[in-house]
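Numbering (the working numbering), first residue to last: 481 to 694.
Notes follow once the structure below has been shown.
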DNA sequence: GTACCGATGTTCT
DNA sequence: GAACATCGGTACC
């Protein structure tokens, strides 16, 4: 079975009840990147919860990772949240028109500054709204890329540095979900730090991002 | 299917 | 200036 989804819910009433505690993210970044697969990212947009299952992530390891925005350990206005406590969102603007959303992970002594990039979702909640915001009717094109899923969920710079266990942007874990089979490969779209397999995704899931090489 | 290419604004050198 | 954790389009095989 390729898909992560294991129930027939299309709306969700009290997601706060199922949020992952911020302690969940207090682990090394690779472990967090793997553990987030099969969890659900949602945002409340126009009164409705939109989102779906996380099916692809990438680990950015912090100060020692040349591809990480925290490389070198220098704190800037953009990367500041990565040096704070785990469980907060890190949203940045890229290529002049897109946003990408990360989750800040393990952060020993505020030095390592790791984060997990959410690269793709399996769309489940508020499909109608996501189609409208993405300007397409194709289900498989709604959230199969980091820029696309932010557009579908209306994630912008206003969602930066938010705690993911409260508010309008949440990561939840519904009871009774099966554990996905995880595969790994090299990260996408970066020039430095391509050696290690730090991209993780659900095996055979049809909503993985498109890319040239893996 | 693969291969470029332009859009567009912020960040960094 | 150049690079950028992207995407949608066009051209061609």
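Each residue gets a CB set at the ideal place from its N, CA and C atoms; glycine is no exception.
Nearest residue (CA-CA) to residue i, options the options
i, options, result
"residue 553", "665, 542, 547", "542"
"residue 634", "580, 676, 681", "580"
"residue 691", "646, 508, 599, 522", "599"
"residue 659", "507, 519, 489, 492", "519"
"residue 619", "492, 689, 654", "689"
Assigned secondary structure, residue i (DSSP; H/G/I helix, E/B strand, else coil)
i, result
"residue 531", "strand"
"residue 582", "strand"
"residue 513", "helix"
"residue 663", "strand"
"residue 551", "helix"
"residue 498", "helix"
"residue 630", "helix"
"residue 560", "helix"
"residue 572", "strand"
"residue 690", "coil"
"residue 675", "coil"
"residue 619", "helix"
"residue 642", "coil"
"residue 592", "coil"
"residue 614", "helix"
"residue 651", "strand"
"residue 522", "strand"
Neighbourhood of residue i by C-beta, 6 Å cutoff - its chain only, sequence neighbours within 5 removed
i, result
"residue 670", "547"
"residue 606", "528, 530"
"residue 510", "539"
"residue 550", "542, 543, 559, 562, 593"
"residue 496", "none"
"residue 494", "none"
"residue 661", "683"
"residue 507", "586"
Supposed close pair residue i, residue j - CB separation, criterion 8 Å
i, j, result
"residue 595", "residue 540", "5 Å"
"residue 687", "residue 587", "Incorrect: roughly 29 Å between the Cβ atoms, too far for contact."
"residue 656", "residue 545", "No, residue 656 and residue 545 are not in contact; Cβ-Cβ is about 35 Å, not under 8 Å."
"residue 609", "residue 584", "About 27 Å separates the two Cβ atoms, so there is no contact after all."
Nonlocal neighbours in the same chain, by C-beta distance under 7 Å from residue i, ignoring five residues either side
i, result
"residue 645", "499, 500, 501, 502, 567"
"residue 642", "568, 569, 649"
"residue 663", "681, 683"
"residue 601", "521, 531, 532, 533, 534, 535, 623, 629, 687"
"residue 611", "617, 622"
"residue 555", "563"
Own chain partners of residue i with C-beta closer than 8 Å, once the 5 adjacent residues on each side are dropped
i, result
"residue 538", "513, 596, 597, 599, 667, 668, 678, 679, 680"
"residue 621", "614, 628"
"residue 630", "571, 578, 579, 580, 581, 636"
"residue 523", "529, 530, 531, 633, 634, 635, 639, 648, 649, 650"
"residue 604", "485, 489, 490, 520, 531, 532, 533"
"residue 516", "534, 537, 583, 596, 598, 651"
"residue 573", "579, 637"
Item to complete: Would you check if there are 3 or more beta carbon pairs closer than 8 Å linking the segment 639–651 to the segment 514–534?
Response: yes
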